[in-house]
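**Q** Submitted below is the structure of interest, expressed as structure tokens.
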Amino acid sequence: MSDTLIETAINHHQLMDTVTENKKKTAKKKADKPAYSKEMYLSWYELMLRIRRFEERALMMYGQQKIRGFCHVYIGQEAVAAGIESAIRREDAIVTAYRQHGTALGRGCSSRECMAELFGKATGIVKGKGGSMHFFSAEHRYFGGNGIVGAQIPIGTGIAFAEKYKGTDNLCVTMFGDGAARQGSLHESFNMAMNWKLPVLYIVENNGYAMGTSVKRTSNVVELYKLGASYDIPSEAVDGMNPEAVHEAVSRAAEFIRAGKGPYFLEIRTYRYKGHSVSDPAKYRTKEEVQEYQERDPVKMTERKILDNNIATEQEIRAIQEKIKEEILDAVNFAEESPYPDPAELWNDNYLQPDYPYIRD
Amino acid sequence: MARKLALRDALREAMIEEMRRDDTVFLMGEEVAEYDGAYKVSKGMLDEFGPRRIIDTPIAELGFAGIGVGAAMNGLRPIVEFMTWNFAVLAFDQIVNNAAKTLSQSAGQFKCPIVFRGPSGSAGQLAQQHSQTFESWMANVPGLKVISCVDPADAKGLLKSAIRDDDPVCMMESELLYGFEGEVPEGEYLVPIGQAAVRREGMDITLVSFNKMMIPTLEAADQLAKEGISAEVIDLRTIRPLDYKTIVDSVKKTNRLVVIDESWPLAGVSAEVAYGVQKYAFDYLDAPVTRVNSADTSLPYAPTLVDAYLPNADKIVKAAKEVMYIRY
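Chains A and B supply the protein sequences, listed in that same order.
Start counting at 1 in the first sequence, then tack on 1, and there's your number in the working numbering.
Start counting at 1 in the second sequence, then tack on 4, and there's your number in the working numbering.
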């Protein structure tokens with residue numbers, strides 16, 4: 002690793018420290034006292050554990066070549082999904098990029114359907130047609146994982162446009178990574194969303210790296226939330242390793258948006274423990290950096306908070322762990338035993354017109 | 005003298021040789037420098053040429069493609085790498101509306117000597133957005149030249165020609181075949197843009213293909229040979245300008261043609277080849293030209309659907325026998 006890379010890694014680090022310091026200051030008073038109900042803490046814990054175990058198992062299955070193609074896992078970023086979901090409504094929409102298994106599970110998509118999708122099976126959430134990058138669930142108001150960096154930013158803006166047009170008070174959470182923040186689609190969307198006061202919550206999951214390129218190497222503006230200022234969008238940075246912090250920020254943003262005031266932008270600072278995708282050895286960062294984040298692991302920290310504050314008993318925690326373990330094993334079995342799609346399925350879902358004249362020879 | 009080189013190494017040699025020869029040549033794209041290239045095509049180039057000439061960009065395809073166009077109009081010779089041509093779709097405005105049009109709209113006052121390169125086509129189970137071929141899209145545009153080639157020796161010679169070319173060139177490679185090895189001559193050589201190569205001579209039928217589909221096409225020719233059918237195999241290498249002559253000369257000899265093209269069938273390269281042959285060799289044809297394309301659908305993720313979608317040797321053999329009126 003070159004010196005520049007180490008330097009940029011450290012800088013990302015310092016950024017994270019700034020957020021944590023700020024949070025520590027504001028949260029000091031209530032840090033020891035749980036601010037939310039037992040159900041809330043346990044649901045955060047359960048969802049984050051579900052995502053963690055799902056992703057660990059997915060990596061294992063990838064190693065066995067049961068899962069193919071690109072596979073970007075969410076390990077380390079679980080608190081983002083947890084904190085968003087507890088702060089919005091089920092009727093709200095979400096659209097995101099290709100690191101999306103956790104987001105879909107957060108929406109309530111089943112482990113079975115998601116795992117079967119990774120296996121490319123007919124029982125998958127999109128019948129084995131999308132794979133790791135493209136889960137969709139109309140039922141869960143989940144508008145998909147998009148494989149083109151930044152493409153979902155205008156799409157999420159359009160989903161929000163439709164909500165406003167229809168006169169609902171739903172919003173659309175439009176998620177993207179730090180890499181996408183450098184695409185033109187972000188700037189065009191921000192401008193129109195603000196100009197038209199669209200009910201969209203933009204969330205950049207800043208995990209520090211666009212594949213192998215650190216945030217600092219892509220711009221002078223490394224505090225991504227500041228990008229909102231060019232368009233007068235209220236924006237803030239949030240500690241993404243803590244579901245409480247995410248929940249609080251998203252709640253604040255959702256209230257603002259539902260009041261008809263227009264978009265809101267959150268930079269949620271998080272970290273991916275694994276490489277960009279399964280094939281990325283992540284040589285561009287230090288082991289120490291990864292370890293440091295793992296010490297602030299959202300799953301472990303939440304578990305500790307629950308136990309230290311007697312929010313729930315060890316038995317209750319263990320019961321959740323057992324439940325999740327069984328659920329994920331069941332999902333893998335389900336995926337294993339499900340059939341692959343029939344080859345004829347290739348000719349479905351291309352057009353709605355039933356007698357579309359395909360060229361077949 | 006020749007040695008075995010992988011496609012990625014041959015492409016790298018081409019860029020290195022041209023960059024040593026001409027200081028105006030530079031490489032720009034996502035992960036090309038410090039990461040050594042998403043597919044390691046530019047491995048080590050940052051060490052030799054430094055960050056002035058090997059330039060990592062943010063994920064901003066439209067922006068950096070346009071910066072390339074501007075630099076080319078102002079005297080440089082950029083090589084713009086796309087991680088895949090699927091992502092280059094964001095940059096098509098700059099490629100189609102600017103790179104391709106500069107010479108015409110400036111009435112020859114400005115040229116745009118730029119190379120846009122990266123992998124095109126399917127690469128395993130990558131699903132709808134990461135599996136498309138773009139040869140026919142770009143080849144449709146006057147002003148552009150389009151190379152699509154996986155043979156390492158040809159790819160090296162063609163890329164060198166592309167870098168020296170004064171017109172904008174789109175080069176389509178293959179994610180799956182960056183490790184594909186072939187004999188590459190030592191020393192300086194160029195392969196001219198616009199010439200197809202006869203990879204295998206034959207008498208009974210002509211098989212025309214390009215890029216990754218050359219592999220199942222040659223496999224099919226082997227299978228046909230075992231059954232006593234002698235297939236001539238042509239690698240187009242360049243899609244625009246298309247080398248009609250090599251194809252037509254072959255069909256005049258074999259009187260039968262199958263085109264194998266990973267693009268979709270409608271308005272694709274296979275359609276253009278078939279047009280050219282009926283136009284210039286109509287009286288020589290003993291059977292209608294046929295083609296093997298990817299299915300006329302998006303490419304889903306599941307392995308069963310990928311198999312159903314892509315051309316393969318069996319499908320090519322079947323098409324060849326149809327054209328020869330042999331029962332399959």
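Glycine included, every Cβ here is placed at the ideal spot set by N, Cα and C.
1. Would you decide whether residue 30 of chain A is buried or exposed? Buried here means 16 or more other CB atoms lie within 10 Å of its CB.
2. So residue 274 of chain A and residue 247 of chain A are supposed to be a Cβ contact under 8 Å. How far apart are they, rounded?
3. Do residue 160 of chain A and residue 200 of chain A count as a contact pair if the criterion is CB distance below 7 Å?
4. Closer than 6 Å by C-beta to residue 194 of chain A: which residues in its own chain qualify, once you throw out the five before and the five after it? Chain order, please.
5. Three or more C-beta pairs closer than 8 Å, one from the segment 130 to 140 of chain A and one from the segment 58 to 74 of chain A: is that the case here?
6. Where do the ends of the alpha helix (DSSP H) carrying residue 74 of chain B lie?
7. Per the contact definition of three or more C-beta pairs closer than 8 Å, is the segment 314 to 321 of chain B in contact with the segment 219 to 233 of chain B?
8. In the DSSP assignment, the beta strand (DSSP E) including residue 210 of chain B goes from what residue to what residue?
9. Under the DSSP definition of a beta bridge, which residues are partnered with residue 203 of chain A?
10. Do you know how far the Cα of residue 113 of chain A is from the Cα of residue 62 of chain A?
11. Can you find a CB in chain A that lies within less than 7 Å of the CB of residue 158 of chain B?
12. For the alpha helix (DSSP H) containing residue 153 of chain B, name the first residue and the last one.
13. Where residue 336 of chain A and residue 78 of chain B are concerned, what is the direct C-alpha to C-alpha distance, given to the nearest angstrom?
14. Expressed to the nearest angstrom, what Euclidean distance is found between the alpha-carbon atoms of residue 194 of chain B and residue 19 of chain B?
15. Residue 40 of chain B: which of B:286, B:237, B:59 and B:298 sits nearest, CA to CA?
16. Please tell me whether residue 207 of chain A has its Cβ less than 7 Å away from any Cβ of chain B.
17. May I have the straight-line CA-CA distance separating residue 234 of chain B from residue 285 of chain B, to the nearest angstrom?
18. From this set, A:154, A:260 and A:66, which residue's C-alpha is nearest residue 168 of chain A's C-alpha?
19. For residue 227 of chain A, count the other beta carbons within 10 Å of its own beta carbon; 16 or more makes it buried, fewer makes it exposed. Which is it?
20. What does residue 35 of chain B touch in chain A if you count any residue whose Cβ is under 8 Å from its own?
21. With a threshold of 6 Å, establish whether the CB of residue 200 of chain A neighbours any heavy atom of the ligand ZN.
22. What residues in its chain sit with their C-beta under 8 Å from that of residue 28 of chain B, if we drop five residues either side in the sequence?
23. Run down chain A in chain order and give the residues with a C-beta less than 8 Å from the C-beta of residue 307 of chain B.
24. Comparing C-alpha positions only, which one of A:91, A:192 and A:119 sits nearest to residue 144 of chain A?
25. Which residues does DSSP list as the beta-bridge partners of residue 95 of chain A?
26. Determine, using beta carbons only, whether residue 63 of chain B comes closer than 7 Å to chain A.
27. What does the alpha-carbon distance come out to for the pair residue 213 of chain A and residue 261 of chain B?
28. Excluding five sequence neighbours on each side, which residues of the same chain lie with their C-beta closer than 7 Å to the C-beta of residue 312 of chain B?
29. Give, in chain order, every residue of the segment 298 to 326 of chain B whose Cβ lies closer than 8 Å to some Cβ of chain A.
30. Straight-line CA distance for residue 90 of chain B to residue 313 of chain A?
31. Cα separation between residue 163 of chain A and residue 156 of chain A?
32. Shorter than 7 Å from the beta carbon of residue 66 of chain B to some beta carbon of chain A?
33. Answer yes or no: do residue 182 of chain A and residue 205 of chain A have a C-beta to C-beta separation smaller than 7 Å?
34. Give me the Cα-Cα distance between residue 330 of chain B and residue 294 of chain B, rounded to the nearest whole angstrom.
35. Between residue 153 of chain A and residue 219 of chain A, which are expected to be in contact by the criterion C-beta below 8 Å, what is the C-beta distance as a whole number of angstroms?
36. Does the segment 191 to 210 of chain B come into contact with the segment 48 to 56 of chain B, if we say contact requires no fewer than three beta-carbon pairs (one atom in each stretch) closer than 8 Å?
**A** Walking through what the data contain:
1. Any answer about residue 30 of chain A is weak, because its pLDDT of 43 lies below 50 and its placement is not dependable; what the coordinates show is given next. Flag for residue 30 of chain A reads exposed.
2. Not really, about 18 Å apart at Cβ, beyond 8 Å.
3. no
4. 158, 201 and 264
5. yes
6. 65 to 77 is the span of the alpha helix (DSSP H), which, as asked, contains residue 74 of chain B.
7. yes
8. First-last of the beta strand (DSSP E) with residue 210 of chain B: 209 to 213.
9. A:175 and A:266
10. 14 Å
11. no
12. Unbroken run through residue 153 of chain B: none, as it is neither H nor E.
13. 56 Å
14. 12 Å
15. B:59
16. no
17. 20 Å
18. A:260
19. exposed
20. 212, 213 and 214
21. The ligand ZN is not part of this structure, which contains no ligands at all.
22. 79, 80 and 81
23. Listed along chain A are 69, 121 and 341, each with a C-beta nearer than 8 Å to that of residue 307 of chain B.
24. A:91
25. A:143 and A:174
26. Residue-level contact check: residue 63 of chain B touches chain A, since one or more beta carbons of chain A fall below 7 Å from its beta carbon.
27. 46 Å
28. Closer than 7 Å at Cβ, skipping near neighbours: 299.
29. 299, 300, 301, 302, 304, 305, 306, 307, 308, 309, 311, 312 and 313
30. The alpha-carbon atoms of residue 90 of chain B and residue 313 of chain A are separated by roughly 49 Å.
31. 11 Å
32. yes
33. yes
34. 14 Å
35. Cβ atoms of residue 153 of chain A and residue 219 of chain A stay farther apart than 8 Å, at about 19 Å.
36. no
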